[in-house]
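As they're listed, the protein sequences go chains A and B. Under this note's numbering, the first residue of the first sequence carries the number 5, and numbering increases by one thereafter. Under this note's numbering, the first residue of the second sequence carries the number 25, and numbering increases by one thereafter. Using N, Cα and C, we set each Cβ at its ideal position, and we do this for glycine too. None of the values given here were measured: they were computed from a predicted structure.
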Amino acid sequence: MSFAKPTHLTRQQVDDFEREVDAIRASVMNDLGQSDVDHIRRMIRICRASEVGGRALLHFGVGPLSWVAGVLALANAKILDNMEIGHNVMHGQYDWTGDPALNSQKFEWDIACDGEQWRHSHNVTHHTYTNILGKDRDLGYSLLRMTDAQKWKPRHWLQPMANLMLAAGFQYGVGSHDLEIGKYTHGAISKPEFKARLNRFLTKTAKQWFKDYLLFPALALWSAPRVLAGNFCANLIRNLWTYVVIFCGHFTDGVAIYREEDTRNETRGDWYLRQLSGSSNLEGGRVFHILTGHLSHQIEHHLFPDMPAHRYLEVAPKIRLLCVKYGLLYNTGSLYSQYKTVMKRILTHTLPPKNATTSPA
Amino acid sequence: MMIAASNSAAPSTWVEKLAAPLKAALQHPWVESIVRLSAVEDTLRSLHPMLSLTEVRAQVVRIVDETADTKTFVLQPNALWHGRHGEHGPRAGQFVQLRLEINGRRVERIYSLSSRPGARLLAVTVKRQAGGLVSPHLHEHLKVGDVITIGQADGDFTLPTLLPAKMLLLSAGSGITPVMSMLRDLKARNYQGDVVFMHVCRNPAEFIFAKELLSTANRFPALSLLLHFDDSVGRFTPDSLQSAVPDLGERATWMCGPSGFMDAVEGHWATNNLTAPLKSERFVAIPMLPTTSPGTPVTVMLALSGEQFVTSGNAPLLEQAEKAGLSPKHGCRIGICRSCQCTKKSGTVENLQTGELSSMPNEQIRLCISVARTDLSLDL
């Protein structure tokens with residue numbers, strides 16, 4: 005895949021598109037109220053109950069069945085905490101409530117990624133520069149080659165393996181993302197700055213390890229191995245799930261990649277168009293949407309990152325209609341079909357380009 | 025383990041002494057990563073709505089209809105309330121913050137305590153403001169048995185420990201609530217001096233606390249009650265005050281009422297060079313929407329750093345602050361990442377994305393998409 009071509013829409017059409025998307029946004033944002041707060045609080049309650057239940061099953065259960073149930077409950081809690089609660093709260097989706105427990109700048113989540121660092125790497129870098137090569141560091145997470153525009157290096161032969169490792173340890177990938185190791189090795193980040201970032205990441209990781217691999221196993225006394233293994237597996241399941249959902253949000257077939265120079269002087273309409281063409285959705289039921297933190301509606305999320313995510317369901321059909329009206333691609337599919345294209349892309353770009361002289365159009 | 029430094033002057037209840045280290049422990053970053061304070065608070069709340077480590081909560085035990093549009097809510101606070109601690113407790117004339125959630129949004133309003141300080145129960149008396157948000161909500165939705173969150177008593181519109189020999193308590197409309205509390209306090213302290221209580225309102229039907237005041241006047245020798253009903257004797261003026269209370273210049277006065285009323289009385293003090301102390305309490309209404317047109321220079325105060333800058337109000341606050349040599353925290357500069365989010369303490373801003381103007385105090389704004397439309401105070 006090469007860079008996205010300038011849109012076929014005229015200036016006027018882009019401006020009209022902007023107004024229509026703004027109107028969709030306003031219709032929801034002016035309607036926020038009790039049901040939105042009730043939704044997120046219900047999710048928090050379910051998440052807590054799932055964690056307490058899961059840990060209880062791991063600690064006090066006997067036999068493999070209760071272990072499996074415990075792992076699933078704990079994984080479910082971590083997934084809800086990270087996706088539907090943490091990700092969305094930290095986007096500021098509930099700042100309007102004034103509830104300190106739902107405050108985007110204070111929230112901290114159950115994952116190895118430090119909240120403050122995530123707010124920078126995700127909210128600032130990724131959401132501002134979505135799919136701009138060289139600016140959006142989520143593109144391949146500095147690890148994978150996802151487009152022909154990225155230079156092939158011999159280490160990319162190991163890309164399938166790197167992909168597997170990133171998936172299994174996704175929380176550490178996300179957690180170390182804001183370190184910007186590449187920038188540091190190139191001297192763009194000073195040593196003290198890098199050390200401070202590293203320290204933050206390691207402290208958060210240590211906290212997570214202390215909790216899952218020391219404190220709770222120790223509390224379980226003779227069941228320590230059972231608890232430790234259970235916590236490890238719950239973390240692993242959460243890692244794999246978040247990895248799949250997030251990779252399906254931006255790396256599927258048909259998702260556009262941009263050049264920095266093409267995105268200068270963007271109007272909000274242009275920005276909307278880039279968010280739309282840089283994201284892809286997943287189809288599924290209500291529970292599936294919740295477990296993805298509504299990132300199954302990645303398109304709507306990128307258009308309206310601070311709208312309470314459960315509202316994407318009512319917004320999506322309207323955005324889809326707009327896409328039909330303006331002749332734009334609304335990239336959506338099942339998890340299976342979307343992930344298939346992600347895998348295809350990862351594998352394709354493992355190989356060196358056939359014609360090395362091809363330059364982006 | 026970290027123990028929070030206690031607020032030196034603040035008294036604490038035994039429950040607070042128990043709760044404080046627990047709360048501090050739960051706020052320790054390592055403990056917080058295992059169990060969040062908010063989870064503990066929610067669990068306590070579900071056990072009993074009054075249970076909390078951090079919040080003063082109060083249960084509505086009685087609602088009294090004072091007039092057609094005024095109600096008194098009598099509240100039983102939990103043990104975190106500094107209410108019954110003698111000299112550290114609430115003082116007559118102070119106010120308390122009520123915190124409610126209305127349609128998912130947290131709102132806070134302050135109301136004068138109308139109850140006698142030191143009483144087991146506390147009370148706020150609320151006049152229903154047409155078109156308001158909180159007072160109609162309180163009138164319509166707050167029921168006996170409900171639990172709300174309140175703050176500690178605060179404010180310096182209070183009676184001194186040593187009382188002057190001659191006093192005037194002067195009120196108009198719903199401004200009667202803090203001075204009523206003062207009168208109740210005087211009665212409880214068996215005040216032996218001379219207090220004139222003058223209240224101004226339109227007519228007897230709007231006279232809050234009428235029954236109690238009239239019966240107090242009969243039984244409390246120190247009190248002379250003067251009433252001024254605009255509908256029957258004409259609009260209140262400082263001259264009518266002067267003729268009703270000829271020794272005005274000898275009385276220490278506590279006054280509360282609408283701004284126009286208080287401005288007039290204060291003006292009377294100034295023009296007549298009255299030297300007797302005049303203390304007043306103003307309830308500042310939420311400022312009205314915009315007061316300056318785009319382009320008018322306005323001053324932005326940064327409350328935390330003490331800096332300030334002047335902006336013409338055409339460009340986002342972030343840009344203006346940077347132009348003034350400041351460097352507030354920022355990220356995307358297009359309103360999505362919230363890195364530049366801060367609390368606007370007062371003033372009116374325009375949201376550049378929605379064109380919406382807002383004047384709410386203590387509101388979260390994003391510097392990169394907000395333009396000043398009046399003088400502002402920011403928590404930066």
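Measuring alpha carbon to alpha carbon, tell me which of B/Pro-53, B/Met-206, B/Leu-326 ends up nearest B/Asp-403. For the purposes of this step, residue 403 of chain B is taken as residue 379 along the second sequence, with counting starting at 1. Selected option, being the one with the closest Cα: B/Leu-326.
What does the Cβ neighbour count give for A/Ala-313, buried or exposed, with the cut at 16 atoms within 10 Å? Mapped onto the first sequence, residue 313 of chain A falls at position 309. Its Cβ being crowded by 16 or more others within 10 Å, A/Ala-313 is buried.
Per DSSP, cross-strand counterpart(s) of B/Pro-101: Locating residue 101 of chain B in the second sequence gives position 77, where the first residue counts as 1. Beta-bridge pairing links B/Pro-101 to B/Ala-82.
Are the C-beta of B/Arg-60 and some C-beta of chain A separated by less than 9 Å? If you number the second sequence from 1, residue 60 of chain B lands on position 36. Taking Cβ atoms only, chain A reaches closer than 9 Å to B/Arg-60, which makes this a yes.
Report the residues of the stretch 357-368 of chain B with a CB closer than 9 Å to any CB of chain A, ordered along the chain. Arg-357, Ile-358, Gly-359, Ile-360, Cys-361, Arg-362, Ser-363, Gln-365
May I ask you to report which of helix, strand or coil DSSP gives B/Cys-280? On the second sequence, residue 280 of chain B is found 256 positions in, with the first residue counted as 1. Strand at B/Cys-280.
Integer Cβ distance of B/Arg-390 from B/Gly-359, believed to fall under 8 Å: The residue labelled residue 390 of chain B in the question sits at position 366 within the second sequence. The residue labelled residue 359 of chain B in the question sits at position 335 within the second sequence. Contact holds; Cβ gap of about 6 Å.
Ordered along the chain, which non-local residues of its own chain (more than five positions away) have a Cβ less than 7 Å from that of A/Leu-147? The residue labelled residue 147 of chain A in the question sits at position 143 within the first sequence. Excluding positions up to five away in sequence, the list reads Ala-166, Leu-170.
Residue(s) in a DSSP beta bridge with B/Thr-421: With chain B running from 25 to 404 in the structure shown, residue 421 of chain B is simply not present.
Using a C-beta cutoff of 9 Å, does B/Ala-80 count as contacting chain A? Translated into positions along the second sequence, residue 80 of chain B becomes position 56. The question names Ala, but residue 80 of chain B is Val in the sequence shown. Interface annotation, B/Val-80: not in contact with chain A, CB-CB separation never under 9 Å.
How many angstroms separate the CA atom of B/Asp-89 from the CA atom of B/Arg-60? Working through the second sequence from its first residue, we reach residue 89 of chain B at position 65. Working through the second sequence from its first residue, we reach residue 60 of chain B at position 36. Going by the C-alpha atoms only, they are around 41 Å apart.
List, in chain order, every chain B residue whose beta-carbon is nearer than 8 Å to that of A/Asp-118. Indexing the first sequence from 1 puts residue 118 of chain A at position 114. What A/Asp-118 touches in chain B: nothing, since even the nearest Cβ is about 11 Å away.
Contact set between B/Ala-63 and chain A, taken where Cβ atoms lie within less than 7 Å: Numbered from its first residue, the second sequence carries residue 63 of chain B at position 39. Result: Arg-52.
Quick check on B/Thr-372 - is its C-beta less than 9 Å from some C-beta in chain A? In the second sequence, counting from the first residue as 1, residue 372 of chain B sits at position 348. Chain A contact via Cβ: absent.
Beta carbon proximity, A/Ser-281 to chain B, threshold 9 Å: Counting from one through the first sequence, the residue named residue 281 of chain A turns up at place 277. Cβ-Cβ to chain B under 9 Å: no for A/Ser-281.
Is the CB-CB distance between B/Ile-174 and B/Leu-122 below 9 Å? In the second sequence, residue 174 of chain B corresponds to position 150, counting from 1. In the second sequence, residue 122 of chain B corresponds to position 98, counting from 1. Going by C-beta atoms, B/Ile-174 is nearer than 9 Å to B/Leu-122.
Can you pull out the residues from the stretch 211-227 of chain A whose beta carbon lies closer than 8 Å to at least one beta carbon of chain B? Correct list: Lys-211, Gln-212, Phe-214, Lys-215, Leu-219.
Please list, in chain order, the residues of the stretch 302-318 of chain A that have any C-beta partner in chain B closer than 8 Å. Identification of residues in the stretch 302-318 of chain A having a C-beta nearer than 8 Å to some C-beta of chain B yields Pro-309, Asp-310, given in sequence order.
Specify the secondary structure class of A/Tyr-133 as computed by DSSP and reduced to three states. Within the first sequence, residue 133 of chain A is the residue found at index 129, counting from 1. Correct three-state label for A/Tyr-133: coil.
What does the Cβ neighbour count give for A/Ala-81, buried or exposed, with the cut at 16 atoms within 10 Å? The residue you call residue 81 of chain A lines up with position 77 of the first sequence. By the neighbour-count rule (16 or more Cβ atoms within 10 Å), A/Ala-81 is buried.
Taking the C-alpha atoms as reference points, what is the distance between B/Leu-342 and A/Leu-137? The residue labelled residue 342 of chain B in the question sits at position 318 within the second sequence. The residue labelled residue 137 of chain A in the question sits at position 133 within the first sequence. Taking the straight line from one Cα to the other gives about 27 Å.
Taking only beta-carbon atoms, is B/Ala-28 less than 9 Å away from chain A? The sequence position of residue 28 of chain B within the second sequence is 4, counting from 1. With a pLDDT of only 32 at B/Ala-28, under the threshold of 50, the placement of this residue in the model should not be trusted; the figure read from the coordinates follows. Judged by the 9 Å Cβ criterion, B/Ala-28 is not in contact with chain A.
B/Gln-100 to B/Lys-151, Cα distance in whole Å? As a first step, residue 100 of chain B is located in the second sequence; it is residue number 76 there, counting from the start. As a first step, residue 151 of chain B is located in the second sequence; it is residue number 127 there, counting from the start. B/Gln-100 and B/Lys-151: Cα-Cα distance of roughly 20 Å.
Applying the 10 Å Cβ sphere with the 16-neighbour rule, what's the burial state of B/Glu-374? The residue given as residue 374 of chain B occupies position 350 in the second sequence. By the neighbour-count rule (16 or more Cβ atoms within 10 Å), B/Glu-374 is buried.
Of the residues that make up the stretch 228-242 of chain B, which ones have a beta carbon closer than 8 Å to any beta carbon in chain A? none
Which residues of chain A have a Cβ atom closer than 8 Å to the Cβ of B/Gln-102, listed in chain order? Here residue 102 of chain B is taken as the residue at index 78 of the second sequence, counted from 1. For the record, residue 102 of chain B in the displayed sequence is Asn; it is not Gln. Those do not exist, as B/Asn-102 stays about 19 Å from chain A at its closest Cβ, beyond 8 Å.
In chain order, what residues of the same chain lie with their CB nearer than 7 Å to the CB of B/Lys-369, ignoring the 5 residues before and after it? Reading the second sequence from its first residue, position 345 is the one you call residue 369 of chain B. So the qualifying residues of the chain are Ala-327, Pro-385, Asn-386, Ser-401, Leu-402, Asp-403.
Indicate whether at least one CB of chain B lies closer than 9 Å to the CB of A/Leu-36. Residue 36 of chain A sits at position 32 when you count from the first residue of the first sequence. For A/Leu-36, at least one C-beta of chain B is nearer than 9 Å to its own C-beta.
Run down chain B in chain order and give the residues with a C-beta less than 7 Å from the C-beta of A/Ala-105. What you label residue 105 of chain A is simply residue 101 of the first sequence in a count that begins at 1. Within chain B, the residues near A/Ala-105 are Ser-62.
For B/Ser-382, decide whether its Cβ has a neighbour in chain A, counting only Cβ atoms nearer than 9 Å. Locating residue 382 of chain B in the second sequence gives position 358, where the first residue counts as 1. Taking Cβ atoms only, chain A never reaches closer than 9 Å to B/Ser-382, which makes this a no.
Given 8 Å as the limit, is there contact between the stretch 123-131 of chain A and the stretch 326-343 of chain A, that is, 3 or more CB pairs closer than that? Counting C-beta pairs with one atom in each stretch, the stretch 123-131 of chain A and the stretch 326-343 of chain A have fewer than three that are closer than 8 Å, which means they do not touch.
Give a yes or no on whether 9 Å exceeds the smallest Cβ distance from B/Ser-138 to chain C. The structure shown contains no chain C; its protein chains are A and B.
What would DSSP say about B/Lys-151, mapped onto helix, strand or coil? Within the second sequence, residue 151 of chain B is the residue found at index 127, counting from 1. Strand at B/Lys-151.
Quick one: Cα of A/Leu-295 to Cα of A/His-43, how far? To locate residue 295 of chain A, count along the first sequence from 1; it is residue 291. To locate residue 43 of chain A, count along the first sequence from 1; it is residue 39. If you take the alpha carbons of A/Leu-295 and A/His-43, they lie about 14 Å apart.
Span separating the alpha-carbon of A/Asp-216 from that of A/Phe-205: Here residue 216 of chain A refers to the residue found at position 212 of the first sequence. Here residue 205 of chain A refers to the residue found at position 201 of the first sequence. Cα to Cα, the separation comes out at about 17 Å.
Looking at C-alpha atoms only, which residue of B/Ala-229, B/Arg-208, B/Asp-254 is the closest neighbour of B/Leu-240? Indexing the second sequence from 1 puts residue 240 of chain B at position 216. The sequence as given places Thr at residue 240 of chain B; Leu does not occur at that position. The shortest CA-to-CA distance from B/Thr-240 to any of B/Ala-229, B/Arg-208, B/Asp-254 is the one to B/Arg-208.
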